[in-house]
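S.K.: Anchor point for the sequence shown: position 84 equals 84 in UniProt numbering, and the numbering is continuous, going up by one each time.
Positions of the beta carbon are idealized from the N, C-alpha and C atoms, including for glycine.
Here's a structure for you.
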Amino acid sequence: MRPAELTRITVEESTDRYVELVRAKTVTGALSPATAEVYARDVATFSALAGPGQVLDDLTGEDVDAVLLAFARKPDGRRASPTGESQSASSQSRFRRSVSAFFKHATLSGWVQVNPMTAVTVTAKERGGLRAERRALTREQAQGLVGAARSLSSAEPERGRRDQRMEARDALIVLLLSTLGPRVSELVRANVEDFYTNDGVRYWRIFGKGGRTRDVPLPADVAEALDAYVSGSRPATAEKALLLSWRGRRLARGDVQAVIDRVQRHVDPSQRRSVTPHGLRHTTATHLLADAVDMDAVRRVLGHSDLATLGRYRDELPGELEVAMRTHPLLRRPPAAR
Numbered sequence: 001m002r003p004a005e006l007t008r009i010t011v012e013e014s015t016d017r018y019v020e021l022v023r024a025k026t027v028t029g030a031l032s033p034a035t036a037e038v039y040a041r042d043v044a045t046f047s048a049l050a051g052p053g054q055v056l057d058d059l060t061g062e063d064v065d066a067v068l069l070a071f072a073r074k075p076d077g078r079r080a081s082p083t084g085e086s087q088s089a090s091s092q093s094r095f096r097r098s099v100s101a102f103f104k105h106a107t108l109s110g111w112v113q114v115n116p117m118t119a120v121t122v123t124a125k126e127r128g129g130l131r132a133e134r135r136a137l138t139r140e141q142a143q144g145l146v147g148a149a150r151s152l153s154s155a156e157p158e159r160g161r162r163d164q165r166m167e168a169r170d171a172l173i174v175l176l177l178s179t180l181g182p183r184v185s186e187l188v189r190a191n192v193e194d195f196y197t198n199d200g201v202r203y204w205r206i207f208g209k210g211g212r213t214r215d216v217p218l219p220a221d222v223a224e225a226l227d228a229y230v231s232g233s234r235p236a237t238a239e240k241a242l243l244l245s246w247r248g249r250r251l252a253r254g255d256v257q258a259v260i261d262r263v264q265r266h267v268d269p270s271q272r273r274s275v276t277p278h279g280l281r282h283t284t285a286t287h288l289l290a291d292a293v294d295m296d297a298v299r300r301v302l303g304h305s306d307l308a309t310l311g312r313y314r315d316e317l318p319g320e321l322e323v324a325m326r327t328h329p330l331l332r333r334p335p336a337a338r
């Protein structure tokens with residue numbers, strides 16, 4: 001195959017062109033808007049760290065190494081910290097993937113003669129470095145959180161104005177995240193009309209990444225919490241969003257973490273552990289698979305396009321290997337003859 005003719009353009013110009021292409025893919029459904037914005041943010045950061053005026057083809061593997069290290073030491077602006085915490089392992093891995101995708105496109109477009117990522121020596125952090133709050137909860141921790149949500153959904157409302165009592169909504173959010181594992185963007189995007197009943201079973205039609213949809217049945221307890229919230233606690237408004245603030249506005253992604261933290265206060269301290277919405281997605285996958293639920297069924301619940309992706313959401317549980325060996329199928333004694 002004939003190599004593309006080299007176009008000597010700056011880092012800034014090349015990243016601008018790439019961002020335009022990435023955002024155009026959202027129109028065809030090839031990328032979700034949220035994913036496109038992550039790519040756009042990462043390559044903009046790469047441009048700033050590499051030097052916008054540099055010619056892209058002049059960057060070497062050592063230059064990209066320096067950018068990856070500079071990003072790793074860069075304070076994480078999403079987490080307010082007086083000490084300025086550096087980027088998490090997962091953020092570093094995501095940034096590296098974004099830069100790698102950018103250089104792959106740059107090579108095909110003739111912006112670089114040789115992909116400098118092939119000479120990079122800074123390795124991506126392994127997933128074992130995932131922050132604790134993004135890992136799956138243990139069974140006891142998950143049951144403690146679900147139990148707290150159940151008690152909130154069935155408890156008598158606390159004193160105060162009816163339109164400012166959000167206990168039923170908070171319970172529903174935690175139950176949906178813990179049992180179905182939706183992406184937080186899917187959760188806040190949900191509308192009341194996305195929930196329907198078929199043959200006595202409540203379903204949630206989830207609008208996921210890339211324009212794909214999936215219909216997931218709700219466990220009975222979650223369906224009850226949904227009905228309790230919609231019929232009794234959801235503010236009366238023309239807004240079609242399922243999850244509303246007490247002012248009647250659709251919840252934002254950032255509001256969901258505060259909800260989880262509020263419910264956590266009702267969990268016994270011995271079972272309590274901080275967790276993010278993404279950590280609850282890991283929790284759903286981990287415990288469904290640990291309970292021998294069919295892998296393809298779990299994939300469909302989470303909205304993954306293939307089983308390979310599912311493997312990244314399966315976290316290790318303490319003691320699971322010991323349990324597996326104690327109940328090994330080849331060593332079970334046959335039932336005694338009568």
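Return the first residue and the last residue of the alpha helix (DSSP H) that T138 is part of.
M.R.: It is not in any alpha helix (DSSP H) - T138 carries neither H nor E in the DSSP assignment.
S.K.: Any chance you could list the beta strand (DSSP E) runs of at least 3 consecutive residues sitting entirely within the stretch 208-265, in chain order?
M.R.: Listed in chain order, the complete beta strand (DSSP E) runs (minimum 3 residues) inside the stretch 208-265 are 213-217.
S.K.: Quick one: give me the first and last residue of the beta strand (DSSP E) that Y196 is part of.
M.R.: Taken as a continuous stretch (DSSP letters only), the beta strand (DSSP E) holding Y196 covers F195 to N198.
S.K.: Specify, as a first and last residue, the run of the alpha helix (DSSP H) that T179 falls within.
M.R.: Note, T179: alpha helix (DSSP H), E167 to L180.
S.K.: Taking the alpha-carbon of V19 as reference, which of L280, V38 and R281 has the nearest alpha-carbon?
M.R.: Of L280, V38 and R281, the residue nearest in Cα terms is V38.
S.K.: Using a threshold of 7 Å, state whether the C-beta atoms of G181 and V267 are closer than that.
M.R.: Their beta carbons are not under 7 Å apart, which means G181 does not touch V267 by this criterion.
S.K.: Are the CB atoms of A50 and V67 nearer to each other than 7 Å?
M.R.: The answer is yes: Cβ separation under 7 Å.
S.K.: Considering Cα atoms alone, identify which of S245, A225 and M117 is closest to R150.
M.R.: If we check each option's Cα against that of R150, A225 comes out closest.
S.K.: Pull up the distance between the alpha-carbon of I7 and that of N115, whole angstroms please.
M.R.: At residue 7 the sequence reads Thr, which differs from the Ile that was named. Approximately 14 Å between the Cα atoms of the pair.
S.K.: Return the first residue and the last residue of the alpha helix (DSSP H) that E33 is part of.
M.R.: Looking at the sequence shown, residue 33 is not Glu but Pro. From DSSP, the alpha helix (DSSP H) with P33 extends over P33 to A50.
S.K.: Three or more beta-carbon pairs under 8 Å between the stretch 59-66 and the stretch 12-31, yes or no?
M.R.: With a cut-off of 8 Å, the stretch 12-31 and the stretch 59-66 do not count as touching, because too few Cβ pairs lie within range.
S.K.: Could you tell me the alpha carbon to alpha carbon distance between L244 and F207, rounded to whole angstroms?
M.R.: One C-alpha to the other measures close to 18 Å.
S.K.: By Cβ distance below 6 Å, which residues in the same chain neighbour V64 in space, the five residues on each side in sequence not counted?
M.R.: Cβ within range, chain order: P116 and V120.
S.K.: From F195 to F102, what distance separates their C-alpha atoms?
M.R.: Roughly 39 Å between the two C-alpha positions.
S.K.: List the whole-angstrom C-beta distance separating T26 from K209, where the pair is believed to meet the contact cut-off of C-beta under 8 Å.
M.R.: Actually they do not touch by this definition, with Cβ atoms about 11 Å apart.
S.K.: Please state whether the Cβ-Cβ distance between R135 and G29 is less than 7 Å.
M.R.: In this structure, G29 does not lie closer than 7 Å to R135 by Cβ.
S.K.: Using the C-alpha atoms, what's the distance from V201 back to R281?
M.R.: Cα-Cα distance, rounded: 23 Å.
S.K.: For P75, which of helix, strand or coil comes out of DSSP?
M.R.: Of the three classes helix, strand and coil, the one that applies to P75 here is strand, per DSSP.
S.K.: Counting along the chain, where does the alpha helix (DSSP H) carrying A101 start and finish?
M.R.: Where A101 is concerned, the enclosing alpha helix (DSSP H) stretches over A89 to S109.
S.K.: Compute the distance between the beta-carbons of A190 and L137, then report whether it is under 7 Å.
M.R.: No, Cβ-Cβ distance for A190 and L137 is not below 7 Å.
S.K.: What first and last residue would you give for the alpha helix (DSSP H) that runs through T284?
M.R.: Unbroken alpha helix (DSSP H) run through T284: P277 to A290.
S.K.: In this structure, what does DSSP give as the bridge partners for V55?
M.R.: Answer is T10.
S.K.: Nearest-angstrom Cα distance between R249 and R333?
M.R.: Approximately 59 Å between the Cα atoms of the pair.
S.K.: Can you tell me where the alpha helix (DSSP H) holding I186 begins and where it ends?
M.R.: Rather than Ile, the amino acid found at residue 186 in this sequence is Glu. Start and end: V184 to R189.
S.K.: With a CB to CB cut of under 6 Å and the five nearest residues on each side skipped, what residues in its chain are close to R127?
M.R.: The predicted model places R127 with a pLDDT of 44, which falls under 50 and marks its position as unreliable, so this point remains unresolved.
S.K.: Tell me which residue opens and which closes the alpha helix (DSSP H) that V301 is part of.
M.R.: M295 to L302 is the extent of the alpha helix (DSSP H) around V301.
S.K.: Would P335 be called buried (16 or more neighbouring beta carbons within 10 Å of its own) or exposed?
M.R.: Exposed.
S.K.: I'd like the list of long-range same chain contacts for P235, defined as Cβ closer than 7 Å, with 5 residues on each side in sequence excluded.
M.R.: The residues are D163, L244, W246 and G248.
S.K.: Would P75 be called buried (16 or more neighbouring beta carbons within 10 Å of its own) or exposed?
M.R.: Exposed, by the Cβ-count rule.
S.K.: Looking at F264: is its Cβ nearer than 7 Å to the Cβ of Q141?
M.R.: Note that residue 264 is Gln in the sequence shown, not Phe. Against a cut-off of 7 Å, the Cβ pair of Q141 and Q264 comes out as no contact.
S.K.: Could you check which residue in T284, D170 and A252 has the C-alpha nearest to that of R139?
M.R.: For the residues T284, D170 and A252, the minimum Cα distance to R139 belongs to T284.
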